[in-house]
Amino acid sequence: MVATMIKVHHNHEKVNLMSDSIITRFPPSPTGYLHVGGARTALFNWLYARHMNGKFILRIEDTDTKRSTQESVDAILQGLEWLGIEWDEGPYFQSERIDIYKSYVQKLIDTGHAYYCTCSEQEIEDMRQEAVKAGKNPKYNGKCREKGLPKTDNAVVRFKVPYTGTTVLNDVVKKHIVFQHTELDDFIIQRSDGMPTYNFAVIVDDITMHVNTVIRGDDHVSNTPKQILLYNALNEPLPTYAHVPMVLGKDKTRLSKRHGAMSVTEFKDMGILPEALVNYLVRLGWSHGDQEFFTKQELIEKFSLKNIGSAAGIFDHQKLIALNAAHIQASDISYLCRLMIPLLNQIGCNAEQGTFLEKVIFTLQKRSKTLIEMADNARFYYTDAVVYEDQAIQKCFTPASTPLMAALLEQLKQISEFNEKNLESAFHRVVEQTGVKMNQIAQPIRVALTGKTASPGIFEIIEILGQDKAMSRIEKAIMYINEHH
RNA sequence: GGUCCCAUCGUCUAGUGGUCUAGGACAUUGGCCUCUCACGCCAGCAACACGGGUUCGAACCCCGUUGGGAUCACCA
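In terms of my numbering, the first sequence opens at residue 0 and continues consecutively.
Below, the structure is given as structure tokens:
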């Protein structure tokens, strides 16, 4: 049984189990990483279930044994967890439910809705060629349909699609779509190796798991009439369908590697906050008036199927980055500190939890678009061996600057308490003494302390660094300038 | 190619017959603030794909054209 694989989260006891409560699912196939398109679909399903106080199921569609891998399963689970998408049931694995599919196949055979087919690959290929020659679509011609063949070793099972008539899909976002049965053929529901095919496995899973709301990419629209026909043959009620427009790359083609980052872990590695990716992905194709910034809680409160747009959207990295900056600004310092410690350690900064880190992060919060950028800009707080950038040397380390730096040093010696206010006064005294502009003294000092011409405010930097470090860095800079001129 | 879907600034979108000389956000341009860089603030540029209808009136409804996308497996 699959019971051992079921991981139930108990943090949503509020879920009511009435028959009309919403049940959604996310059914990735483990053939690669969780990419942003899939993540968005998962998000919509999860958000809708939470919004409606329903249930969200995770199901791994691994009936393609050749392409499915454990690494992919792990990557998908990790991606979902990082995004904060928690499933109430599952993950279920289709590969462990073969008996269930087989019993449903038998039902269909017993009721005359499906049949065994022993046509060879070559025969089918010929049929297609023939159809194409006749100006039709490549299709199976129904050779075995009325033969009443018994089960044999290499037989597949096909579903009988009516030769005439139409199937209608009433979609929440696409509205009314009519499909002609003449466009379909008797598709395979069970492969010769006994595994179910996608269209069949999906509907028996959705039926047996009581999924009543299917939100998925609109690349599935053309599969839907087949699935509806299957529901009807099984005499089961249809779920509510919501086919959401796809996410496209910059050139308006289907998103792929050549469009840059695709998997959610790549975004994590880029220093994107999960709440920013969530916000961006949901907002791409869904809207709530003019609102751009959403916390997860707001998303759960405000998400609805009726505000999903009908046109495909293009993935825009710049907007993601901008939203990320907004989420960084809105984050608690303590949260950012927790995320930053490993990143800082990775680049050789020995960071640990504490007020020093908190102050550092505070100065960087407003000027960092990603966590990676933040870590990079935090370097100088942790390394005494400041590396001066060439451009900074050129611009700020002039012979004229050394007397100013020395004058400031004198003032710093006399400060009793090293706080921003006192430091500002010290700078102003130098300005008054020498008659130069503030930036003529501030910039060389900034380079002396950070190695760069751009940094957080000079007073806050000095306060955080403390008297000893600040003064020794300035002394070193003066020596450096003297040596090089 | 058949079938299906889609169409508002470069991008994401608001808009559901009159309040639209079309609003917001990202990007971009100029300015303010200022110790630098940011943040913030102010201002600017920028769109209803095209053609027919329906209507007193159309971004909104209908038809066509064009353009784009999806899909046509013993993949999902």
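All C-beta atoms, glycine included, are put in the ideal place defined by N, C-alpha and C.
Exercise for the section: Just the C-alpha distance for ILE21 and LYS267, rounded to the nearest angstrom, thanks. Expected result: Looking at the two C-alpha atoms, the distance is approximately 31 Å.
Practice task
Measure the C-alpha to C-alpha separation of ALA405 and ILE477 and round it to an integer number of angstroms.
Solution key: In a straight line, the C-alpha of ALA405 is about 8 Å away from that of ILE477.
Practice task
Evaluate GLU60 with the Cβ neighbour count: other Cβ atoms within 10 Å of its Cβ, from every protein chain shown; 16 or more gives buried, anything less gives exposed.
Solution key: That one is buried.
Practice task
Kindly indicate which three-state DSSP category GLY248 falls into: helix, strand or coil?
Solution key: In this structure, DSSP gives GLY248 a state outside helix and strand, which the three-state scheme calls coil.
Practice task
Could you pull out every residue in the same chain whose Cβ sits closer than 8 Å to the Cβ of ILE56, ignoring the five residues on either side in sequence?
Solution key: Answer for ILE56: ILE22, THR23, ARG24, PHE25, TRP86, ASP87, GLU88, GLY89, TYR91, MET208 and VAL210, listed in chain order.
Practice task
Look up ASP170 in the DSSP assignment and give the residues it is bridged to.
Solution key: BP columns for ASP170 point to LYS174 and TYR240.
Handout entry: C-alpha distance - ILE299 paired with PRO27, whole-angstrom precision
Key = Spanning the two alpha carbons is a distance of roughly 22 Å.
Exercise for the section: Take every Cβ of the region 346 to 363, pair it with every Cβ of the region 248 to 262, and state whether three or more of those distances are shorter than 8 Å. Expected result: Too few Cβ pairs lie closer than 8 Å, so no.
Problem - Cutoff 6 Å; reference ILE473; Cβ partners in own chain excluding five residues on either side - result: These residues qualify, in order along the chain: MET404, LEU408 and ALA447.
Problem - Range covered by the alpha helix (DSSP H) that runs through TYR279 - result: Looking at the DSSP string, the run of the alpha helix (DSSP H) that includes TYR279 is 273 to 282.
Problem - Same chain only: Cβ atoms within 7 Å of PRO238, ignoring 5 sequence neighbours per side - result: For PRO238, same chain residues with a beta-carbon under 7 Å away, outside a window of 5 residues either side, are ASP205, VAL210, ASN211, THR212 and VAL213 in chain order.
Handout entry: Close beta carbons around HIS287, own chain, < 7 Å, minus the five adjacent residues each side
Key = If we look at HIS287 and ignore the five residues flanking it on each side, its Cβ neighbours are LYS301 and ASN306.
Practice task
With DSSP as the reference, label GLU474 as helix, strand or coil.
Solution key: Three-state DSSP puts GLU474 in a helix.
Exercise for the section: Taking all protein chains shown into account, decide if ASP73 is buried (16 or more other Cβ within 10 angstroms of its Cβ) or exposed. Expected result: A residue is called buried when at least 16 other Cβ atoms come within 10 angstroms of its Cβ; ASP73 does not meet this threshold and is exposed.
Handout entry: Opposing strand residues paired with LEU57 [DSSP bridges]
Key = Answer is PHE25.
Practice task
Identify, in the order they occur along the chain, each residue of the same chain with its Cβ nearer than 8 Å to the Cβ of LYS318, setting aside the five sequence neighbours on each side.
Solution key: Closer than 8 Å at Cβ, skipping near neighbours: TYR279.
Problem - CYS118 and LYS150 closer than 7 Å at C-beta - result: The Cβ atoms of CYS118 and LYS150 lie no closer than 7 Å to each other.
Practice task
Helix, strand or coil for SER102, going by three-state DSSP, please let me know.
Solution key: Three-state DSSP puts SER102 in a helix.
Handout entry: Euclidean distance between Cα positions of LYS106 and GLN296
Key = Distance between the alpha carbons of LYS106 and GLN296: 44 Å.
Problem - Runs of alpha helix (DSSP H) wholly within the region 340 to 412 (minimum 4 residues, chain order) - result: Those alpha helix (DSSP H) runs which fall completely within the region 340 to 412 and span 4+ residues are 354 to 364, 370 to 381, 389 to 395 and 400 to 412.
Exercise for the section: Would you check if there are 3 or more beta carbon pairs closer than 8 Å linking the region 180 to 194 to the region 128 to 139? Expected result: At 8 Å Cβ cutoff, the stretches touch.
Practice task
Taking ILE187 as part of the beta strand (DSSP E), name the residues at either end of that continuous run.
Solution key: Residues 187 to 189.
Exercise for the section: Determine the burial state of VAL1: buried for a count of at least 16 other Cβ atoms within 10 Å of its Cβ, exposed for fewer. Expected result: Residue placement at VAL1 is flagged as unreliable, the pLDDT there being 31, under the threshold of 50; the coordinate-derived value follows with that caveat. Looking at its Cβ environment, which holds fewer than 16 other Cβ atoms inside 10 Å, VAL1 is exposed.
Problem - Residue range of the unbroken beta strand (DSSP E) whose run includes GLU88 - result: Per DSSP, GLU88 belongs to the beta strand (DSSP E) from 88 to 92.
Exercise for the section: Inspect the beta-carbon positions of VAL167 and TYR115 and report whether they are closer than 7 Å. Expected result: Cβ atoms of VAL167 and TYR115: not closer than 7 Å.
Exercise for the section: Buried or exposed for LEU148, please, with buried defined as at least 16 other CB atoms from any protein chain shown within 10 angstroms of its CB. Expected result: Using a 10 angstroms sphere on the CB of LEU148, the tally of other CB atoms stays under 16, which defines it as exposed.
Practice task
Could you tell me which of ILE320, GLN328, GLY353 and GLU388 sits nearest to CYS336, measuring between CA atoms?
Solution key: Nearest C-alpha to CYS336: GLY353.
Problem - DSSP beta-bridge partners of PRO195 - result: Its beta-bridge partners are GLN189.
Practice task
Would you kindly work out how many angstroms separate the C-alpha atoms of LYS368 and ALA154, rounded to a whole number?
Solution key: Whole-angstrom Cα-Cα distance: 58 Å.
Exercise for the section: Have a look at LYS135, ASN481, ILE371 and PHE158 and flag the residue whose alpha-carbon is nearest the alpha-carbon of ILE340. Expected result: Ranked by Cα distance from ILE340, the first of LYS135, ASN481, ILE371 and PHE158 is ILE371.
Practice task
Please confirm whether GLY450 and VAL385 have their CB atoms less than 7 Å apart.
Solution key: Contact check for GLY450 against VAL385 passes: the beta carbons are separated by less than 7 Å.
Problem - Length of the line joining the Cα atoms of ALA324 and LYS420 - result: Straight-line Cα distance between these residues: approximately 29 Å.
Exercise for the section: Could you pull the start and end residues of the alpha helix (DSSP H) that PHE266 belongs to? Expected result: Residues 263 to 268.
Exercise for the section: With DSSP as the reference, label HIS116 as helix, strand or coil. Expected result: At residue 116 the sequence reads Cys, which differs from the His that was named. Collapsing the DSSP output to three states places CYS116 in a strand.
Handout entry: Which listed residue (GLN179, ALA425 and ILE271) has its alpha carbon closest to that of ALA321
Key = It is ILE271 whose Cα lies nearest to the Cα of ALA321.
Problem - Assigned secondary structure, LEU464 (DSSP; H/G/I helix, E/B strand, else coil) - result: Correct three-state label for LEU464: helix.
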